[in-house]
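Structure, as structure tokens:
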Amino acid sequence: MNTAANPVVNTAAQAKGSFWRDPSLPFIETRAVSGSRACYDPHTHATFSIGTVLNGQAQYLNRGRRVSAGAGSVVIINPGDVHACNPRDDSVWAYRMLFIDSAWLAGVQREIGVSLHQDLQMFSQSLSLDSRVFQSLNYLLAGLWQPAERLAKESAMLEFLIRLHQEFDTVKLDLKSNHRLNRAADYIAAHCVEDIALQDICAASQLSRSYLIRAFKQQYGMTPHAFLLNQRVQRAQGLLKKGRAIVDVAADCGFADQAHFQRVFKRHVAATPGQYFKK
16 MNTAANPVVN TAAQAKGSFW RDPSLPFIET RAVSGSRACY DPHTHATFSI GTVLNGQAQY
76 LNRGRRVSAG AGSVVIINPG DVHACNPRDD SVWAYRMLFI DSAWLAGVQR EIGVSLHQDL
136 QMFSQSLSLD SRVFQSLNYL LAGLWQPAER LAKESAMLEF LIRLHQEFDT VKLDLKSNHR
196 LNRAADYIAA HCVEDIALQD ICAASQLSRS YLIRAFKQQY GMTPHAFLLN QRVQRAQGLL
256 KKGRAIVDVA ADCGFADQAH FQRVFKRHVA ATPGQYFKK
């Protein structure tokens, strides 16, 4: 009988601020945090993200709406949603997160009949107090952190996702209507490691500077510069997962130096590059 591949970390992932990855399941990443006061800047993920609040109270910002998320809450974050979830009044809190590759999840949606499209169908809810979903997600995460065969973990993932789609509605991705703003965002993403100027973005998108500054934030929930930093952090996370040295990642992702990289990364991930690198 084949034994399960050893995950990068096991139940130690439940310790304060730990990440968990398994080479045999490259389409998921998890995180468990306890006793934390760390705060995030508004940011986005390329992945679909869902998590549970175990204790404490948090201020949860998503899709322009700010609500309280206490123990028993489930937060649901579509790829590209500008969000932040921070403890209230400098109190401590604990939470668990599951990050799922968007393309892989879109494939699951097609398999289970949710969608016939190539694109991911987004979830309409951003917060749930459904105790069944809360319990099933915590059960899934606890199972993922245990040494078990890949088949068992993949099966548990699919069972959870089927249940999730039965509980929550999805909507087809609403394509942005302003194509010039799309071109601006695409240009920033393609050149995020470079020292680009506002005029460069305007030239690529054929927009005036004043319109770009005003309309970009309305459409994407952040300024062009914040969008650029978010793209750099996402790129850095991908390189760190591959084992690249932190000093090289800082240089390759367009940060002025390692200290600059550390500051920006921690504001977006609520962990240092070293903590993320060590899983």
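When the letters of the sequence shown are read in order and numbered with the working numbering, they come out as residues 16 to 294. Beta carbons are placed, not taken as given, at the ideal position from N, Cα and C, and that holds for glycine.
{"Asked": "Which listed residue (N245, F63, R195) has its alpha carbon closest to that of F276", "Found": "N245"}
{"Asked": "Inter-residue Cα distance where the pair is K256 and S225", "Found": "38 angstroms"}
{"Asked": "Option nearest A285 by Cα separation, candidates P102, R229, P41", "Found": "P102"}
{"Asked": "Closest by C-alpha distance to S130, when choosing among R247, A84, H180", "Found": "H180"}
{"Asked": "Whole-Å CB distance - A199 paired with I216, under 8 angstroms assumed", "Found": "5 angstroms"}
{"Asked": "Test item: CB-CB of V148 and A109 under 8 angstroms", "Found": "no"}
{"Asked": "Proximity to V208 [Cα-Cα], best of V264, T185, T45, F175", "Found": "V264"}
{"Asked": "Inter-residue Cα distance where the pair is H283 and A163", "Found": "32 angstroms"}
{"Asked": "Bridge partner(s) assigned by DSSP for M112", "Found": "R46, G66"}
{"Asked": "Other residues of its chain near D56: CB distance less than 7 angstroms, five sequence neighbours each side excluded", "Found": "A99, R282, H283"}
{"Asked": "Classification of L166 by the beta-carbon crowding that lies within 10 angstroms, buried from 16 upward", "Found": "exposed"}
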